[in-house]
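To start, the structure itself, in structure tokens.
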Amino acid sequence: MKKKNSRKPFFLFNLPNGLKAVFWPLKGIEAVAIYLWIKAGSWHENEIKNGTFHFLEHVLAHGTKNYPSFTKLSLKEEDLGVSASHRVGGANSKFSWRVPKGTFIEALQLLSECVFSPVFPNDGIEGERKIILQEYLDHWDSPDNRFFFHLLESYWGRNHPYTLDPRGVKDVIKDITREDLVFAHQKYYCPEKMILVVVGDLSVNLVEEKVKAYFHQPKGEENSEVTFNLPKFSRKIFFQEEKIKQVAFTGWFPLFKLRADDWQKRYIVAMISHLLGSSRRSRLAISLREREPLAYSAGSTFITFPEGAVFRIGFSSSLENTTRIIEIIKEEIEKIKKEGFTPEEFLSSQKYCMYQISMSNDSVWAIAENLVDDLFWRKKIYLPDDLQTEVRKITNNDLTKAVREIFNFDKATIGFMCSPENIKSLRKFGIEKMF
4 MKKKNSRKPF
14 FLFNLPNGLK
24 AVFWPLKGIE
34 AVAIYLWIKA
44 GSWHENEIKN
54 GTFHFLEHVL
64 AHGTKNYPSF
74 TKLSLKEEDL
84 GVSASHRVGG
94 ANSKFSWRVP
104 KGTFIEALQL
114 LSECVFSPVF
124 PNDGIEGERK
134 IILQEYLDHW
144 DSPDNRFFFH
154 LLESYWGRNH
164 PYTLDPRGVK
174 DVIKDITRED
184 LVFAHQKYYC
194 PEKMILVVVG
204 DLSVNLVEEK
214 VKAYFHQPKG
224 EENSEVTFNL
234 PKFSRKIFFQ
244 EEKIKQVAFT
254 GWFPLFKLRA
264 DDWQKRYIVA
274 MISHLLGSSR
284 RSRLAISLRE
294 REPLAYSAGS
304 TFITFPEGAV
314 FRIGFSSSLE
324 NTTRIIEIIK
334 EEIEKIKKEG
344 FTPEEFLSSQ
354 KYCMYQISMS
364 NDSVWAIAEN
374 LVDDLFWRKK
384 IYLPDDLQTE
394 VRKITNNDLT
404 KAVREIFNFD
414 KATIGFMCSP
424 ENIKSLRKFG
434 IEKMF
């Protein structure tokens with residue numbers, strides 16, 4: 004049954020089979036967003052081979068019961084005006100469709116066919132195996148991707164679920180069978196593991212009727228839950244050899260356990276990042292680009308995981324600038340820990356956050372993304388007003404307290420990526436003693 008709060012512009016449908024669906028009516032626009040998330044990502048591949056969900060996502064394009072080939076299914080999608088984007092990550096498999104309002108009903112039915120009734124043709128599987136191996140080689144050909152993986156392993160520890168790449172590993176990709184794909188599909192592509200979002204100029208009765216008609220499949224079997232343990236963090240420093248001229252630096256700092264629904268803490272961290280390194284007037288931008296023009300690329304951000312989060316500081320520079328940049332970063336952090344941010348900085352950052360929140364639902368695509376993200380991670384939908392209320396509660400003292408908690412170099416994972424010659428020079432400079 005649909006539920007609607009008079010203050011909230013969306014309708015929730017909780018189907019008996021466990022599927023959660025939400026519809027957000029948006030008048031005067033021809034595009035409809037259909038967004039389906041499935042709890043089937045590489046972090047959950049504890050009972051199947053790593054890379055199976057990604058392989059499965061590729062194979063789904065090779066036909067359904069009614070459109071039993073890659074060509075027939077592709078032509079049908081084009082006939083309906085479907086613009087599709089599919090992706091598998093650590094947490095989930097995502098199917099994001101943008102369709103014309105006039106073909107919504109057929110498109111929703113086709114999406115249901117794609118995820119519930121694939122045909123798994125042997126020739127398609129073998130063809131996709133070759134494509135996936137090329138995708139795998141493309142990904143790992145990038146020094147930045149290798150560096151990020153090295154950071155993940157150093158930070159979380161080897162074989163931690165968060166280090167499992169959705170693409171899998173080469174030998175396992177070669178070993179995944181049709182039976183593996185069918186097993187994963189039957190076990191994980193179940194309504195109770197799905198969240199469906201529709202945004203567009205449609206009637207709520209129509210959306211509810213069609214969701215119930217096309218997503219009525221029975222519940223699947225219970226799967227064992229994967230546990231994500233936090234490691235004991237300690238200072239780690241590594242050097243990655245690559246044939247590049249510049250020195251790339253990244254520092255990861257453990258954040259306090261950041262729950263997905265703790266919006267106040269999330270915005271505290273976002274404001275710190277904004278003021279320290281992610282805005283054009285941040286401390287690091289002023290220090291490293293205006294006062295001493297040492298680096299084109301330098302800044303900060305944060306990365307969230309279901310258990311824990313990471314505050315990231317990074318830069319790329321020439322060898323001769325590296326030690327001075329690190330000195331400046333440490334000086335700025337210590338200054339903020341001691342004195343905090345100025346009232347002007349705090350108010351500017353708070354205002355910027357409020358503006359960004361107010362613009363967060365600026366398209367059917369953005370609304371769909373926010374809705375499914377909320378339901379998947381937080382089991383509840385938050386509107387911009389809800390988030391702005393949390394930002395208003397934040398004080399400058401909250402930021403200072405968080406900075407003192409976050410920036411502990413004794414728990415940081417530090418990575419350098421550069422040429423073997425530059426690694427020797429950095430070690431000669433005594434770079435490790437700077438931390």
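So for the sequence shown, our numbering puts the first residue at 4; every next one is plus one. Even for Gly, the Cβ is constructed at its ideal location relative to N, Cα and C. Predicted, not measured: the structure shown is a model, and the values here were computed from it.
Cβ separation of S2 and L279, assumed to be a contact under 8 Å, to the nearest whole Å: Missing from the structure shown is residue 2; the chain here goes from 4 to 438 and no further.
Identity of the residues DSSP links to H47 by a beta bridge: DSSP lists no partner for H47.
Burial state of N373 (16 or more Cβ within 10 Å): buried
8 Å Cβ cutoff met for V406 and I339: yes
Between the CA atoms of K97 and K75 - distance to the nearest angstrom: 22 Å
K196: first and last residue of the uninterrupted beta strand (DSSP E) it sits in: Counting along the chain, K196 falls outside any beta strand (DSSP E), and DSSP gives it neither H nor E.
Assigned secondary structure, Y158 (DSSP; H/G/I helix, E/B strand, else coil): helix
For V102, the nearest candidate out of G160, Q137, N125 and I37 (CA to CA): I37
The segment 195-211 contacting the segment 102-113, beta-carbon criterion three pairs below 8 Å: yes
CB contact flag (A187, I51, <8 Å): yes
Nearest-angstrom Cα separation, counted from V172 out to Q137: 12 Å
One or two residues paired with S86 in a DSSP bridge: R101
Limits of the beta strand (DSSP E) - the one that P257 falls within: V250 to P257
Sheet register partners of I128 (DSSP bridge): The partner list for I128 (beta bridge, DSSP) is empty, contrary to what the question assumes.
Range covered by the alpha helix (DSSP H) that runs through F58: T55 to V62
Buried/exposed call for K268, threshold 16 Cβ in 10 Å: buried
Nearest-angstrom Cβ-Cβ length linking L167 and W46, presumed shorter than 8 Å: 6 Å
Cα-Cα separation, F349 to E156: 35 Å
Nearest-angstrom beta carbon gap, H153 and F3 [assumed within contact, 8 Å]: Absent from the structure is residue 3, since the part of the chain shown begins at 4 and ends at 438.
Extent of the continuous beta strand (DSSP E) to which T416 belongs: T416 to C421
Contact set for H65: own chain, Cβ-Cβ below 6 Å, skip 5 residues either direction: F73, P124 and G127
With 16 other Cβ atoms within 10 Å as the buried cut-off, status of L382: Residue identity check: residue 382 is Lys in the sequence provided, not Leu. With fewer than 16 Cβ atoms within 10 Å of its Cβ, K382 is classed as exposed.
Distance CB(V91)-CB(L184) smaller than 8 Å: no
Buried versus exposed, by CB contacts within 10 Å (16 or more), M420: buried
DSSP three-state assignment for F432, whether helix, strand or coil: helix
Rounded straight-line distance, which links the Cα of E334 to that of E295: 14 Å
Cβ neighbours of P441 in the same chain (closer than 8 Å, five flanking residues each side left out): Residue 441 lies beyond the range of the chain shown here (4 to 438); nothing can be said about it.
Straight-line Cα distance separating I417 from L297: 20 Å
First and last residue of the uninterrupted alpha helix (DSSP H) at F410: Where F410 is concerned, there is no enclosing alpha helix (DSSP H), given that its DSSP letter is neither H nor E.
Contact check, N95 vs A24, beta carbons under 8 Å: no
Separation of G21 from N162, as counted between CA atoms: 32 Å
I434 CB to nearest heavy atom of the ligand MG below 7 Å: Judged by which ligands are present, the structure shown has none, so any question about the ligand MG falls away.
Sequence-distant residues of its chain with Cβ nearer than 7 Å to K222 (five each side left out): N20, G21, C193, P194 and E195
Beta-carbon spacing of D413, R292 below 8 Å: no
Where T106 falls: helix, strand or coil (DSSP): helix
Buried versus exposed, by CB contacts within 10 Å (16 or more), Y70: buried
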